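First up is the structure itself, then whatever we jot down about it.
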Amino acid sequence: MEGNPDERPDRAAMRTELRTLMEACIDALPEAFRTVFMLRAVEEMSVEEVSVALGLPEATVRTRFFRARGLLREGLARDIDHAMADAFSFDGARCDRIVAGVMARLASHDGAVGP
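Residues 2 to 116 (our numbering) make up the sequence shown, in order.
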């Protein structure tokens, strides 16, 4: 399938999953941070506009937006770490079985090199 790689069905499905993940992470933000984040990032309002709309000092708007982005990064990083563990699950019992099998095979060859 040629053409723009962004138009491929698998890429569209990944964007949909990423959007769902982002929405869940945004929904998990504390309300004060979520409100500022939505106004700044989604509605593209300026710091001054958000400050007036919410009746907050501009410094508070900046701080809440900064912290919201940090919390989003942490949440997304956690989700990515879990996905990596699932994708490359060479840990726990599976790893132990493979190591035991390799060690048994090495022992049965009595130190000989080769298959």
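Every residue, glycine too, gets a C-beta built ideally from N, C-alpha and C. Since the model is a prediction, treat every value here as computed from it, not as a measurement.
Alpha carbon of residue i to alpha carbon of residue j, nearest angstrom
i	j	result
Pro58	His83	38 Å
Arg65	Cys96	43 Å
Arg9	His110	50 Å
Ala78	Val43	21 Å
Met2	Ser52	Unreliable positioning characterises Met2 in this predicted model, as indicated by a pLDDT of 47, which lies under 50. A coordinate reading is not provided.
Arg63	Met23	21 Å
Phe38	Ala94	42 Å
Close-in-space but distant-in-sequence residues of the same chain around residue i (CB under 7 Å, 5 per side omitted)
i	result
Glu45	none
Arg68	Phe34
Val48	Glu59, Val62 and Arg63
Gly102	none
Contacts around residue i, its chain only, beta-carbon distance under 8 Å, and the 5 residues preceding and following it disregarded
i	result
Leu40	Met46, Glu50, Val51, Ala54 and Leu55
Pro6	Arg12
Counting pairs of Cβ atoms below 8 Å between the segment 69-84 and the segment 25-42, do you hit three or more?
yes
Within the segment 25-101, ranges of the alpha helix (DSSP H) (whole runs, at least 4 residues)
32-38, 48-55 and 59-88
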